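Residues in the sequence shown are numbered from 0 upward in steps of one, following numbering that gives the first Met the number 0.
The C-beta atom is built at its ideal place from N, Cα and C for all residues, glycine as well.
No experiment lies behind these values; they were computed from the predicted model shown.
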Amino acid sequence: MLPEYTRKTKRIFIDITQTYHNYINTGIQRVAKNVAERMQNIAVETDIESWPVVNYLDSFYIINLQEYKKRFTYKLTIFLKTLYNKFKTFVRRYPSFHFLLKIIFPCFIRARLISSYNKFINMLNFWCSSSAQLRFSESDVLLLVEAGWVSPCWKAIKKAKRKGAKIVQIIHDLIPIKYPELVNSESTYLFDIWLSKTIKYVDSYVCNSRYTCEELKMYMGCTMGINISKYRFDYFDLGCDVKNMDEAGFVRPKLENIIAKPTNSAGYLCVGTIEPRKNQMYLLDAFERVWDQNRMVRLFIVGREGWKGRDIINRIKKHPMLNKSLFMFNDLSDTELDFLYRRCKALIFPTIAEGFGLPIVEALSKRLPVLASDIEVLREVGKDFCAYFNLEQSESLATMILDIETRNKWPIVRNINEFKATTWRESCEQLVGKILQIFQEQHVGK
Numbered sequence: 000m001l002p003e004y005t006r007k008t009k010r011i012f013i014d015i016t017q018t019y020h021n022y023i024n025t026g027i028q029r030v031a032k033n034v035a036e037r038m039q040n041i042a043v044e045t046d047i048e049s050w051p052v053v054n055y056l057d058s059f060y061i062i063n064l065q066e067y068k069k070r071f072t073y074k075l076t077i078f079l080k081t082l083y084n085k086f087k088t089f090v091r092r093y094p095s096f097h098f099l100l101k102i103i104f105p106c107f108i109r110a111r112l113i114s115s116y117n118k119f120i121n122m123l124n125f126w127c128s129s130s131a132q133l134r135f136s137e138s139d140v141l142l143l144v145e146a147g148w149v150s151p152c153w154k155a156i157k158k159a160k161r162k163g164a165k166i167v168q169i170i171h172d173l174i175p176i177k178y179p180e181l182v183n184s185e186s187t188y189l190f191d192i193w194l195s196k197t198i199k200y201v202d203s204y205v206c207n208s209r210y211t212c213e214e215l216k217m218y219m220g221c222t223m224g225i226n227i228s229k230y231r232f233d234y235f236d237l238g239c240d241v242k243n244m245d246e247a248g249f250v251r252p253k254l255e256n257i258i259a260k261p262t263n264s265a266g267y268l269c270v271g272t273i274e275p276r277k278n279q280m281y282l283l284d285a286f287e288r289v290w291d292q293n294r295m296v297r298l299f300i301v302g303r304e305g306w307k308g309r310d311i312i313n314r315i316k317k318h319p320m321l322n323k324s325l326f327m328f329n330d331l332s333d334t335e336l337d338f339l340y341r342r343c344k345a346l347i348f349p350t351i352a353e354g355f356g357l358p359i360v361e362a363l364s365k366r367l368p369v370l371a372s373d374i375e376v377l378r379e380v381g382k383d384f385c386a387y388f389n390l391e392q393s394e395s396l397a398t399m400i401l402d403i404e405t406r407n408k409w410p411i412v413r414n415i416n417e418f419k420a421t422t423w424r425e426s427c428e429q430l431v432g433k434i435l436q437i438f439q440e441q442h443v444g445k
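Next up, the structure:
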């Protein structure tokens, strides 16, 4: 439920600039999209206002998400973005072609071409949005929900702050600075600079888990030497709406045929970007131990290629069990992913570091058992509904799977039917409550 403290003059503006331009529906972008949509629904039913905004030329503009999707320019930007992504995939797949491009287009020319392309796409997006420039006031909140270090908009934020708006920053994780070996060096550098700069403008930090919140306070207080008592720190639960998954859409015949093939094992599912942080190498090590004893046990690895993911993908593509008991999909739709969620035996989540771990919530919501790495944040999310394995030893997971397959002995966990996920509606009600507390504390302090 929403708190009683609300005023008609309270307006919450959600910055979705990156999501607006990229059309990605995973990770942080999925969170941004759901927060923007649900907050508007909540606003209609309460005395607050909520609008998604985008940064353009160092100012924020209110946009109508439903209206701009109907325009021709929106469809054109989708087409160009898809074409560009397919070209990038093609280049990654053929190193010789990549080498040729490097010769024809030196680094500085490639950088300028990409920059010009992005500016053109952003301009098209802006033209098709029917936007209105935003004028902030003291009763406004600017909610920064995306990965600000990727493309910070400090000038626009500074303008909002000058007008008296409260700035609330959602922190999804501290992985770039806590685990620099798991990301590229540029991300660590940019994240560090960005976090240092947030202390100038941000009034409140809201994290996606208690674990991330405690990590943030510890890092800012101990490592950065900041007096954290000057800032508000809080957290809220991310949402998961199972009903929003498309249950009656197209599923490629190849996937249907694999599932329909008679076997002793329904298969295990691993969902996540293919990269070192998601730890698919550990997963393969464990399954090779399993396949030594039972070659019929199937593993489905689902996710797009991420940073330093090429070695993992090459290992999968060269694996003798590929397309026998090992299957990889890099481009599944939500419908196809849901198809696997509902037909596999369990989700395996071997990640080394996470801010939250949404696939765990999605799996449990569909009553799919979960085997997860034994790290603090996943225990917070999965609680005693999941079984946890030791990341230091691949035999820990292998033994768990073999017990299930050979003896039908499942790890002892809480009844999965008792699990209740936080809906996106409930998640955003929590978030609104945390935001309004800023004004409540200010009101009490007067």
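Asked	Found
Use the C-beta contact count for N407: other C-beta atoms within 10 angstroms, 16 or more gives buried, fewer gives exposed.	exposed
Answer yes or no: do T294 and K323 have a C-beta to C-beta separation smaller than 9 Å?	Checking the sequence, you will find Arg at residue 294 rather than Thr. Yes.
Under three-state DSSP, which class holds D284?	helix
Mind checking whether F299 and L363 have CB atoms under 9 Å apart?	no
Which value, in whole angstroms, describes the spacing of the CA atoms of M219 and R314?	39 Å
Between which two residues does the alpha helix (DSSP H) carrying S395 extend?	393-406
Our contact map puts L189 next to W153 with C-beta atoms below 8 Å; I'd like the distance itself, whole angstroms only.	That belief does not hold up - the Cβ atoms of L189 and W153 are roughly 13 Å apart, past 8 Å.
Between T81 and G224, what straight-line distance do the alpha-carbon atoms span, to the nearest angstrom?	44 Å
Is P51 helix, strand or coil when you go by DSSP?	strand
Would you mind sorting E375 into buried or exposed? The rule is 16 or more other CB atoms within 10 Å of its CB.	exposed
What's the gap between the Cα of I169 and the Cα of D284?	36 Å
C343 by DSSP, collapsed to three states: which one?	coil
Which word fits Q392, buried or exposed, when buried means at least 16 other C-beta atoms lie within 10 angstroms of its C-beta?	exposed
In the structure shown, what three-state DSSP assignment does V369 receive?	strand
Buried or exposed, going by whether 16 or more other CB atoms sit within 10 Å of the CB of V443?	Note on V443: pLDDT 43, under 50, position unreliable in the model; the coordinate value appears next. Classification for V443: exposed.
So which of E361, K365, V205, I347 has the shortest CA-CA distance to D373?	I347
Taking G163 as the reference, which of F286, R134, V250, N278 has the closest Cα?	R134
Considering only residues of the same chain and omitting the five flanking positions on each side of I437, which have a CB-CB separation below 7 Å?	K165, D202, S203, R231
Quick test of the definition: if touching needs 3 or more C-beta pairs under 8 Å, does the region 172-185 touch the region 29-41?	no
Quick one, are the C-beta atoms of S332 and G248 less than 9 Å apart?	yes
Which residues does DSSP pair with I454 in a beta bridge?	A query on residue 454 cannot be resolved here, the shown segment of the chain reaching from 0 to 445 and no further.
For a test of the three-state rule: what should DSSP assign to K267, helix, strand or coil?	A small fix is needed here, since residue 267 is Tyr in this sequence, not Lys. Note: Y267 maps to strand in three-state DSSP.
For R288 and L181, which I take to be in contact (beta-carbon distance under 8 Å), what is that distance rounded to the nearest angstrom?	Between L181 and R288 the Cβ distance is about 24 Å, and since that is not below 8 Å, they are no contact.
Give the secondary structure of C206 by DSSP, where H, G and I count as helix, E and B as strand, and everything else as coil.	strand
What number of angstroms, rounded off, separates the C-alpha of I312 from the C-alpha of E394?	22 Å
Determine the DSSP secondary structure at A259, reduced to helix, strand or coil.	helix
Below 8 Å on the Cβ atoms is my guess for L282 versus V34; work out the distance and round it to an integer in Å.	L282 to V34, Cβ: 31 Å. No contact.
What residues are listed by DSSP as bridge partners for R231?	S203
Count the other C-beta atoms from every protein chain shown that fall within 10 angstroms of the C-beta of F388, then say buried if there are 16 or more, exposed otherwise.	buried
Please report the residue range of the beta strand (DSSP E) in which M448 lies.	The requested residue 448 does not occur in the structure, where the chain is confined to residues 0 to 445.
Where do the N-terminal and C-terminal ends of the beta strand (DSSP E) with R294 fall, by residue?	Run containing R294: none; DSSP gives neither H nor E here.
Determine the extent of the alpha helix (DSSP H) in which V250 is found, giving its start and end residues.	No alpha helix (DSSP H) contains V250, which DSSP labels as neither H nor E.
Within a Cβ cutoff of 8 Å, which residues of the same chain sit near A155, ignoring the five residues on either side of it in sequence?	N54, D57, S58, F59
Please state the DSSP three-state secondary structure of Y387.	strand
Quick check: E255 and G305, are their CB atoms within less than 9 Å of each other?	no
Could you give the C-beta distance for N416 and R366, rounded to a whole number, given that I count them as a contact under 8 Å?	7 Å
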